């Protein structure tokens, strides 16, 4: 291959990749840009969507990326005049934060045990953890419902948070990170009977920090998005997290739905941009066989 | 495999095996209190919320109902099999896995091969591919509606080009729409895993292959593909699992009552739950876990065999 050919190959690859990247980005760009339109403009563009099959053919929604006038009125409306939005946002926070914190603590401890301690049946038990990680939520739906009922948690966040704390994904990911810490590091600090505890606190924990960060991120992604648990375990609409509420806001209040969507994705996107390296490392770790 | 503190490494007597076992047992005893300390919180919750419930699911699937508790053998399974909506859901779930997993595999492998080279904007492109993973599906529902509803933008384009509009969400096309959402959401994750797998293949292998006159296709077949085998295995397993969990996206994009073509096992199970039909629900749960378990086992075996064949 000549140099010129190689260069044009690279240019073609690049153009193709950029095209795909833009397509991937498109839903986000459209949502963000439309969140700066006025309610009136949104109404004009999108009211056709409610027409259903009977609406006149030939009249279709057009994609508009640039608002006629840039305004923050949607945001103002959502934040100041729609207390429901903040209520559901807060619900999401109340559901997500305890699960993330619990998973990080429980997962780090158990991950250390699975990676660095010896006990009978260890690898087999880990495999069982792995299998449960792969099962959809619905598999243990009935008994989880009955357990929540027995514990008096039905219709409260406990029914969702408690099982969430013990999700095996946290244990799996932290075990992968812990296993990547060389034994020699731990050996060096082991002195007497309390060795494991010291090794954990002084060596394993600091070295596993990127792993904890990755777990926090991946768990946030998962739980900020939760749908199945709330729609099955929480009967009152006002208890639903934002993920479920937003699916209904789209029809009733399209004028502010774009701004609401942007507010909903913002914490997630900011944390992602801040901790992308950790997220990438976490994904890589999940893919390593060990 | 065994803890890191193999203290008595020095004394290697002729009966190596025996010593080895004694050492492991000593280690078990020494580690036991710590194992308890570290593992107990996780194990307690794991048993209470996953293992015991799973046992309960198996039990419920062979009794008439939780109140009476009469053993009915496999009749719940027969009733389940006779249910038309179950068979539809099962076929749809398997079909979705069968199409979406290879599609996602091809897309993310292709992207990773392209992104592997030193390109300008490589880092920012990786960020863009990863973004859908963190963007909540609920926050882009409006976009999917804008695109795919009857009066949506895609039909607008179709009309402008003189083609017939398609009722995307209320026909078999809904299946294709869900495929698009699935690939959009999950390509970034697999891309990262593939990139990590690719970076583990030594570059010398490619250099010597190119000195032998091997073209890019031969290099891919003989170096990249076998080198990626463990990664591919992982990607396939995780994609299958994700494809069985596509309910979340389907629910958000298409609502609780989607078109028949995207009515999956998860919809079926949720409906059984809502109508309190525990026998059918638990029987379906047992069947689904058997399907997933067997799939993972078969893939595990295949991966081991391919690794042994390489050595």
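Chains as they are written, first to last, in the working numbering: chain A, 22 to 311; chain B, 53 to 363. All C-beta atoms in this analysis are idealised placements derived from N, C-alpha and C, irrespective of residue type, glycine included. All values derive from a computational prediction rather than experimental measurement.
**Message:** Using 8 angstroms for Cβ pairs, my map puts residue 131/B next to residue 331/B. What's the rounded Cβ distance?
**Reply:** 7 angstroms
Taking its Cβ as the centre, do 16 or more other Cβ atoms sit within 10 Å of residue 275/A, making it buried, or is it exposed? buried
| How would you list, in chain order, the residues of chain A whose beta-carbon sits under 9 angstroms from the beta-carbon of residue 205/B? | 81, 82, 83, 84
Please determine, among 271/B, 164/B, 173/B, the residue with the shortest C-alpha to C-alpha distance to residue 39/A.
-> 173/B
Hey, residue 129/B and residue 335/B are a contact pair by Cβ (cut 8 angstroms); roughly how many whole angstroms apart? 5 angstroms
Can you pull the chain A neighbours of residue 322/B, defined as C-beta to C-beta under 7 angstroms?
159, 253
For this session: Confirm, please, whether the CB-CB distance from residue 238/A to residue 292/A is below 9 angstroms.
Result: yes
Taking a cut of 7 angstroms between CB atoms, which residues from the region 286–320 of chain B lie near chain A?
286, 293, 296, 297, 299, 300, 303, 304, 318
Go ahead and pull the three-state DSSP assignment for residue 57/A.
coil
(message) Mapping the DSSP letters down to three states, classify residue 115/B as helix, strand or coil.
(response) strand
For a contact defined as C-beta to C-beta under 9 angstroms, what are the partners of residue 130/A on chain B?
89, 90, 91, 92, 93, 94
Assumed close pair residue 125/A, residue 191/A - CB separation to whole angstroms, cut-off 8 angstroms = 7 angstroms
Where do the N-terminal and C-terminal ends of the alpha helix (DSSP H) with residue 243/B fall, by residue? 225–251
Going straight from the alpha carbon of residue 131/A to that of residue 41/A, what length do you get? 40 angstroms
Checklist line | Nearest-angstrom beta carbon gap, residue 234/B and residue 8/B [assumed within contact, 8 angstroms] | finding: This structure leaves residue 8/B out entirely; chain B is present only between 53 and 363.
Three-state secondary structure (DSSP) at residue 174/A? coil
ask   = Name the DSSP beta bridge partners of residue 123/B, please?
value = 115/B
Please list the terminal residues of the continuous alpha helix (DSSP H) segment that includes residue 299/A. 275–307
> How would you call residue 150/A, buried or exposed, if buried means at least 16 neighbouring beta carbons within 10 angstroms?
Replying inline: buried
How many angstroms separate the CA atom of residue 148/B from the CA atom of residue 264/A? 24 angstroms
Review point. Is the CB of residue 111/A under 9 angstroms away from at least one CB in chain B?
Key: no
Next item on the list: May I ask which residues mark the beginning and end of the alpha helix (DSSP H) holding residue 85/A?
Entry: It is not in any alpha helix (DSSP H) - residue 85/A carries neither H nor E in the DSSP assignment.
Review point. Could one say the Cβ of residue 74/A lies closer than 9 angstroms to chain B's Cβ atoms, at least one of them?
Key: Confidence is the limiting factor: at residue 74/A the pLDDT is only 49, short of 50, which leaves the residue's position unreliable, though a coordinate-based value still follows. It does; some Cβ of chain B falls within 9 angstroms.
Shorter than 9 angstroms from the beta carbon of residue 92/A to some beta carbon of chain B?
no
- Message: Please report the distance separating the alpha-carbon of residue 144/A from that of residue 68/A.
- Response: 57 angstroms
Practice problem: Using a Cβ cut-off of 7 angstroms, pull out every chain B residue sitting near residue 52/A, in sequence order please. | Solution: 191, 192, 194, 195
Can you check whether the C-beta of residue 215/B is within less than 9 angstroms of a C-beta belonging to chain A?
no
Report task. Assign residue 244/A to one of three DSSP states: helix, strand, or coil. Result -> helix
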